[in-house]
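Mapped onto UniProt numbering, the consecutive letters of the sequence shown carry residue numbers 1 to 282.
Glycine is no exception: its CB is placed at the ideal position from the N, C-alpha and C atoms.
Note that this is a predicted model, so its numbers are computed, not measured.
One structure below.
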Amino acid sequence: MSSSGLFFTSLIGGGVAGTVVDVVLFPVDTIKTRLQSERGFWKSGGISKIYKGFLPAAAGSAPCAALFFCTYECSKSLLASQEVLLKIPTPVIHMVSASLGEVAACLIRVPVEIAKQRRQDLTQGNRSAITILRTALRNEGIIRGLYRGFGTTLSREIPFSLIQFPLWEYFKATWSQHSGQPLSSSQVALCGALAGGIAGGLTTPFDVAKTRIMLASQVEAQKMSIVGVLKKIYFKEGFSGICSGFIPRVMWISIGGTIFFGMYDLVTSTISASKFFTSNDT
């Protein structure tokens, strides 16, 4: 497949996969956010209005996932073409590509998550996503408002992807090698579920810190760091505080990995089989 074909196939596949997984699993994400809130689960809304904040998430999921996979697949293809020359191990190619993909995706993900999480936390009021983002931009600026927690989000997402994507690629390659044939989309989905569950569990503390920073007031957020937040949580709430939301996060990401990677493989395989971009490429 040509570079333009790879780009558009990844764009469409990532967009569809991101949208589907967010629609299906949004309630679990809401519960996770409220469990990680400093106010506690019930004071943050409990199980009421679990689809609150869905619209900003849905609006951002498609472009976010599309941008990630475009960057990931194109970077992987470029680095793989130089593998012999640069002597880059395959797992490193996957790690670098995933990291670049996360940086690109976070340009969309962070503002979307700020709007989504402030709507999920019912103590923040009944403001619309647009109002939340406008208020953040007006009162706090671009960096401290719209992109508050950008570094924290990267510190969560990059370690997550450094674990998830090499594992996903490894599971796929190993399974395909043992079976002696290409994997089906359902098999790719199972590899994604296992890789995602492992990565999600190991990076839960980073997710807790990111949630606390994003839900904090403007003054508080300026004084917060990942290490500082985790220390405060540990001394105040213990190990259970650092790992709050562990079960719904692992469950959400495992099920999400099944849907996300399975749908991505199904869409990209269908497009590749149709040879649309090959036949229309000049």
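task: Determine the DSSP secondary structure at Ala-199, reduced to helix, strand or coil.
output: helix
task: Provide the residue span of the alpha helix (DSSP H) that contains Arg-156, from first to last.
output: 150 to 179
- request: May I ask which residues mark the beginning and end of the alpha helix (DSSP H) holding Ser-240?
  value: 239 to 242
- prompt: If you compare alpha carbons, which of Val-28, Val-96 and Lys-210 is closest to Pro-248?
  reply: Val-28
message: Output needed for Cys-243: all residues of its chain with C-beta closer than 6 Å, excluding positions within five of it in sequence on either side, in chain order.
response: Thr-204
message: Quick check: the Cα distance between Ile-142 and Phe-68, rounded to an integer number of angstroms?
response: 22 Å
query: Between which two residues does the alpha helix (DSSP H) carrying Trp-252 extend?
result: 246 to 274
- prompt: Does the distance from the CB of Tyr-147 to the CB of Gly-101 come in under 7 Å?
  reply: no
- request: Could you check what DSSP says for Met-224 in three-state terms: helix, strand or coil?
  value: coil
task: Alpha carbon to alpha carbon, how far is Arg-212 from Lys-232? Give it in angstroms, no decimals.
output: 11 Å
- prompt: Can you name, in chain order, every residue of its own chain whose Cβ lies under 7 Å from the Cβ of Ala-65, other than the five neighbours on each side?
  reply: Gly-14, Gly-15, Ala-17 and Gly-18
field: Same chain, Cβ closer than 6 Å to Thr-282, five either side skipped, listed in chain order
entry: Its pLDDT being 45, under 50, Thr-282 is placed unreliably in this model, and the coordinates cannot settle the point.
task: Could you say which of Val-20, Gly-40, Leu-78 and Arg-39 lies nearest to Ala-59 if we only look at CA atoms?
output: Val-20
Own chain partners of Ser-254 with C-beta closer than 8 Å, once the 5 adjacent residues on each side are dropped: Ala-193, Leu-194, Gly-196, Gly-197 and Gly-200
- prompt: Are Gly-256 and Leu-25 closer than 7 Å when you measure CB to CB?
  reply: yes
query: If you draw a straight line from the C-alpha of Leu-190 to the C-alpha of Phe-160, how long is it?
result: 18 Å
message: Just to check my reading of the structure: Gln-164 and Thr-33 have Cβ atoms closer than 8 Å, yes? What is that Cβ distance to the nearest angstrom?
response: Between Thr-33 and Gln-164 the Cβ distance is about 20 Å, and since that is not below 8 Å, they are no contact.
query: Which class does Lys-116 belong to by DSSP, given the choice of helix, strand or coil?
result: helix
- prompt: CB-CB under 6 Å to Ser-61, same chain, minus the five flanking residues each way: which ones, in chain order?
  reply: Gly-18, Thr-19 and Asp-22
- prompt: What span of residues does the alpha helix (DSSP H) with Gly-15 cover, start to end?
  reply: 3 to 36
- request: Can you give me the Cβ contacts of Phe-239 inside the same chain, cut-off strictly under 7 Å, excluding the 5 residues immediately before and after it?
  value: none
query: Is the beta carbon of Lys-210 less than 7 Å from the beta carbon of Arg-156?
result: yes
- prompt: What are the boundary residues of the alpha helix (DSSP H) that includes Arg-212?
  reply: 204 to 215
- prompt: Taking C-beta to C-beta, are Leu-35 and Met-95 nearer than 7 Å?
  reply: no
field: Proximity to Asp-207 [Cα-Cα], best of Leu-230, Ser-185 and Val-188
entry: Leu-230
message: Suppose contacts are defined by Cβ-Cβ distances below 7 Å. Is Ser-179 in contact with Leu-266 by that definition?
response: no
- prompt: When the Cα atoms are used, what is the spatial distance from Leu-78 to Ala-98?
  reply: 13 Å
query: What number of angstroms, rounded off, separates the C-alpha of Pro-63 from the C-alpha of Thr-9?
result: 14 Å
query: Expressed to the nearest angstrom, what Euclidean distance is found between the alpha-carbon atoms of Leu-11 and Lys-172?
result: 21 Å
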